[in-house]
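Chains A and B are the protein sequences, given in the same order.
When the letters of the first sequence are read in order and numbered with our numbering, they come out as residues 6 to 613.
When the letters of the second sequence are read in order and numbered with our numbering, they come out as residues 105 to 352.
Glycine is no exception: its CB is placed at the ideal position from the N, C-alpha and C atoms.
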Amino acid sequence: MASTDISLHKDVHHDHDAHDEHDHHDQHFIFKYIFSQDHKVIAKQFLITGIIWAFIGGALSSIFRLQLGWPQATMEWLEPVLGKWIEGGKLSPDFYLGLVTMHGTIMVFFVLTAGLSGTFSNFLIPLQIGARDMASGFLNMLSYWFFFLSSIVLFFSMFLETGPASAGWTIYPPLSALPQAMPGSGAGMTMWIVAMALFIVSQLLGGINYITTIINLRTKGMSMTKLPLTIWAFLLTAILGVLSFPVLLSAVLLLIFDRSFGTSFYLSEIYVAGEALANVGGSPILFQHLFWFLGHPEVYIVILPGFGIVSEIIATNARKPIFGYRAMIGSLLGISLLSFVVWAHHMFVSGMNPFLGSVFMFLTLIIAVPSAVKVFNWIATLWRGNIVFTVPMLFSIGFVSLFISGGLTGIILGNSALDIQVHNTYFVVAHFHLVMGSSAFFGMFAGVYHWYPKMFGRMMDEKLGYVHFWLTFIGVYMVFMPMHYVGIAGFPRRYYSWTSFDLFSSFANINMYISLAAIIAWLAQFIFLFNFVYSMFRGRKATANPWRSNTLEWTTPVNPGHGNWPGPIPAVYRWPYDYSKPGAEDDFIPQNVPFSQTQSSNLPHDKE
Amino acid sequence: MSTTTTLEQPKTGTWDGGNEPMKASYGKLMMWFFLLSDTFTFGAFLTTYGLIRHRHNAYTGTAEDFTFSTAYWPIPEKVFNAFPGFHGVDLPLAFVALMTMILILSSVTMVLAVEAGHRIDKNDVQKWLLWTILFGSTFLACQAWEWSHFITGSDQGMLMPDGTRFFGANLAQNEYGPVLFADLFFFITGFHGTHVFSGIVLLIIMFITTVNGTFQRRGHYEMVEKIGLYWHFVDLVWVFVFTFFYLV
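Here is the structure:
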């Protein structure tokens with residue numbers, strides 16, 4: 006019955022489409038595509054803004070990799086772009102610090118937070134739980150426009166005469182608190198703080214919307230244990246954001262007062278250029294505590310959506326139920342909970358009590374347990390599966406690979422004794438770029454390739470997708486594997502120049518190699534960009550359920566209109582992972598098929 | 105067959121979807137989650153207060169011998185002992201106790217407004233909203249006086265190294281003790297005051313909407329209830345601010 010239902014919907018949809026154009030003639034372009042309250046349009050807005058930011062972030066890293074890889078080279082050829090940031094054929098050291106800071110800020114917040122969970126939470130939550138839209142379309146729209154404003158402010162800060170914020174993406178005071186400390190701590194820092202404040206508002210508006218939508222708007226039968234793992238991941242991501250971003254807001258508000266109104270929250274006994282400042286009594290460590298109370302959950306905000314997307318794609322393409330569904334939910338919960346009590350592992354060398362360090366080390370290492378549960382479950386799902394190597398599947402497998410490689414070094418870094426050796430070296434850079442940077446990017450790519458047919462009604466080109474995958478996958482390992490060796494040798498991060506240290510001159514070649522790989526990997530992303538734009542207009546037309554998947558979004562018409570389902574919202578009878586169920590006709594049974602229609606494959610407990 | 109019918113129907117438990125599992129509309133849930141996140145904002149500030157205070161020395165002498173000094177954190181009863189119209193009289197924490205009472209009273213009238221909303225009694229909602237706005241504004245006015253007194257300072261002031269005297273406090277200097285005492289006082293009570301102010305603006309909007317009869321036509325006063333949640337939260341935060349700044 007349900008299968009006839011689906012085809013019935015399709016017919017309705019064609020009617021509806023024609024009808025739609027009639028009916029909504031008066032809906033102006035501005036309200037349909039720009040100030041839209043439709044979750045699908047807002048998702049695309051987040052995605053496209055995120056992609057633009059990702060290319061800018063990548064370009065910035067390519068510039069500072071040029072400096073690191075070829076320290077003797079002249080960069081006059083960049084002068085038309087960078088103007089006076091090239092001083093006498095050399096990259097200005099102040100600008101180098103600005104590049105590093107902006108690269109981090111853009112990638113962590115604007116691409117992998119807003120671009121990733123903004124896109125997929127918005128797009129998938131209503132579609133997969135069976136809702137017509139978000140709880141509040143208006144707040145959802147505001148969430149995007151606050152993000153847009155924040156983007157504008159941050160973007161323009163890069164064109165300031167004194168340069169953008171340069172104190173690193175963690176903006177530790179006193180460097181960030183004293184405008185006279187360095188050029189980037191002036192107007193650039195102010196704009197960074199304004200951009201972040203707007204960004205936090207955007208995150209809160211989005212977050213409370215995602216949570217309430219998941220709680221209140223699930224369709225009939227969609228219990229919490231029938232939710233696709235994507236939705237569980239987005240729910241917990243939103244909760245982490247709602248609870249941790251306000252603390253960053255507190256931290257930067259105090260910082261604004263220190264910068265502009267003469268307070269001393271983070272400042273005490275400081276000399277600038279031989280002159281003593283009046284500030285006494287504050288503590289820069291306080292900022293680190295507040296910052297990392299956000300900062301650590303933030304890395305899970307970045308990676309959790311990837312967990313969800315990858316779980317969904319691996320189960321679909323291995324044609325097998327996800328292994329350990331409840332364990333997957335449990336480990337997501339465990340990781341979310343632990344993410345709030347491990348922040349000080351970023352501060353092992355800040356001079357805090359070593360005993361406190363061992364407490365945080367203990368809690369940090371526990372995270373390896375739920376993470377390992379997830380990894381083994383993904384591998385067990387792949388095990389003897391009927392694997393279809395689609396492009397999103399490749400990216401998902403790549404995600405698992407990167408997550409393992411990066412996660413293993415996390416165990417080393419989480420150890421307070423070992424961390425003293427590698428703290429603030431390229432070892433750390435390699436670790437987090439693999440485990441959260443590249444992994445989250447792979448999750449994002451997987452998601453874009455997988456849900457592109459639902460977003461634009463067309464498929465992305467597979468051949469270009471394979472080329473993009475292999476170049477990116479190999480590129481990422483070529484960049485970050487050698488970086489571990491450089492880091493173990495003590496090579497510090499954020500240094501403009503290392504040529505004055507004899508110790509490091511033997512790393513000239515390896516640095517050149519990393520830079521070359523990084524730039525090639527960045528250029529490979531243009532293949533994706535081309536594929537993304539080209540397929541929107543010329544891609545192969547998608548069918549209603551191209552991946553033969555179980556979740557509800559594939560029961561909508563190929564191009565779902567406002568309200569998602571032209572007819573009534575489908576009810577849900579089963580979990581989303583009934584792939585290759587013994588006795589079933591097909592190797593997948595969508596969630597909206599009642600058990601009465603699948604008598605041949607029902608298991609004893611299904612009948613309860 | 106009975107089994108077939110159960111196989112054809114989706115489940116209908118509390119968390120089985122198609123309903124509001126927490127018996128709260130999405131708007132109310134959103135307010136709760138916003139308040140939860142705001143708790144973390146205030147939590148961060150109060151943690152900051154605790155950590156910074158811990159970095160300073162405590163006064164160890166007897167209460168009678170207490171004098172203001174930057175060497176140790178001041179005793180709050182000695183700082184906040186003034187009352188409007190009673191110049192020179194030592195009334196420790198009397199004024200702030202009055203302020204707190206007024207704010208708690210505003211919470212009571214808010215409860216009554218929400219209760220009147222449940223009865224769809226437009227006149228009562230108006231009346232109690234107006235009382236809440238009045239008490240809220242009085243609290244803000246009291247805080248303004250408290251601030252201005254704090255800024256003006258005591259009669260004796262503090263002797264500076266260059267022989268001059270400094271009266272009162274600002275963000276960079278403070279006659280009552282360490283400068284951070286004043287910084288935190290201004291910042292945290294100011295942040296709370298901003299919340300109260302936003303609350304009053306929201307209440308005024310609620311009042312106008314009620315007078316226009318919008319809620320009456322809608323058939324429920326849930327919006328008043330949501331603003332009520334916010335208002336109680338702001339009161340609750342004051343209890344913590346009061347405890348940290350004045351009592352501990």
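- Distance from the Cα of tyrosine 431 of chain A is smallest, within the candidate group A:Val364, A:Leu476, A:Leu469, A:Met486, for A:Met486.
- In this structure leucine 96 of chain A is in contact with glutamine 72 of chain A, their Cβ atoms being roughly 5 Å apart against a cut-off of 8 Å.
- Contact between glycine 311 of chain A and glycine 448 of chain A holds: their C-beta atoms lie close to 3 Å from each other, under 8 Å.
- Cβ-Cβ distances below 7 Å link valine 345 of chain B to Ile292, Thr293, His296 in the same chain, with the five nearest sequence neighbours on each side left out; the list follows chain order.
- Comparing alpha carbon positions, the residue from A:Ile594, A:Leu183, A:Val247 closest to arginine 264 of chain A is A:Leu183.
- In the three-state reduction of the DSSP assignment, valine 598 of chain A falls in the coil class, being assigned neither a helical nor a strand state.
- Lysine 546 of chain A is bridged by DSSP to A:Arg463.
- Within its own chain, the residues whose Cβ lies closer than 7 Å to the Cβ of glycine 135 of chain A, once the five positions on either side in sequence are excluded, are Arg223, Thr224, Met227, Leu557, Ile574, Pro575, Val577, listed in chain order.
- Taking 8 Å as the CB threshold, alanine 276 of chain B lines the interface with chain A.
- In the three-state scheme derived from DSSP, where H, G and I count as helix and E and B as strand, methionine 264 of chain B is classed as coil.
- Boundaries for glycine 286 of chain A: no alpha helix (DSSP H) harbours it, and the DSSP string shows neither H nor E there.
- Unbroken alpha helix (DSSP H) runs of no fewer than 4 residues, entirely contained in the segment 190 to 258 of chain A, are found at 192 to 221, following chain order.
- The Cβ atoms of glutamate 303 of chain A and threonine 235 of chain A do not sit closer than 8 Å to each other.
- Closer than 7 Å at the C-beta level to chain A, one finds these residues of the segment 264 to 298 of chain B: Leu275, Ala276, Pro282, Val283, Leu284, Asp287, Phe291.
- Interface with chain A (8 Å Cβ-Cβ cutoff): tyrosine 163 of chain B is excluded.
- Annotated three-state conformation of arginine 331 of chain A is helix, per DSSP.
- Comparing C-alpha distances from leucine 423 of chain A to each of A:Thr124, A:Ser363, A:Phe328 shows the shortest one belongs to A:Ser363.
- Between the alpha carbons of threonine 195 of chain A and asparagine 284 of chain A lies a distance of about 20 Å.
- Counting only Cβ-Cβ distances below 8 Å, tyrosine 176 of chain B has no contacts in chain A at all, with the closest Cβ about 12 Å away.
- Against tyrosine 578 of chain A, the close residues of chain B are Pro114, in the order they occur along the chain (beta-carbon pairs closer than 7 Å).
- The Cβ atoms of isoleucine 176 of chain A and tryptophan 150 of chain A do not sit closer than 8 Å to each other.
- By the criterion of a C-beta distance shorter than 6 Å, glycine 403 of chain A is surrounded in its chain by Phe447, Phe478, once the five residues flanking it on both sides are discounted.
- At the C-beta level, leucine 291 of chain A and tyrosine 271 of chain A come within 8 Å of one another.
- Proline 587 of chain A sits exposed, since fewer than 16 C-beta atoms from the chains shown fall within 10 Å of its C-beta.
- Residue A:Ser410 holds the alpha-carbon nearest to the alpha-carbon of methionine 488 of chain A among A:Arg545, A:Asp507, A:Ser410, A:Tyr454.
- When the Cα atoms are used, arginine 322 of chain B and glycine 212 of chain A turn out to be separated by approximately 28 Å.
- By the rule that beta-carbons nearer than 8 Å mark a contact, proline 125 of chain B touches chain A.
- Rounded to whole angstroms, the Cβ separation of serine 126 of chain A and alanine 243 of chain A is 7 Å, and the two are in contact under 8 Å.
- With a threshold of 8 Å between beta carbons, threonine 145 of chain B makes contact with chain A.
- Taking a Cβ-Cβ threshold of 9 Å, the residues of chain B close to methionine 227 of chain A are Pro114, Asp120, Gly121, Gly122, in chain order.
- Between leucine 333 of chain B and methionine 135 of chain B, the C-beta gap is smaller than 8 Å, which places the two residues in contact.
- Chain-order list of chain A residues neighbouring histidine 160 of chain B: Gly286, by C-beta distance under 7 Å.
- Exclusion of the five residues before and after leucine 263 of chain B leaves Arg269 as the residues of its chain whose Cβ lies within less than 7 Å of its Cβ.
- A residue is called buried when at least 16 other Cβ atoms come within 10 angstroms of its Cβ; aspartate 43 of chain A meets this threshold and is buried.
- At least 8 Å separates the beta-carbon of glycine 240 of chain B from that of valine 328 of chain B.
- DSSP places lysine 89 of chain A within a helical segment (H, G or I) once states are collapsed to three.
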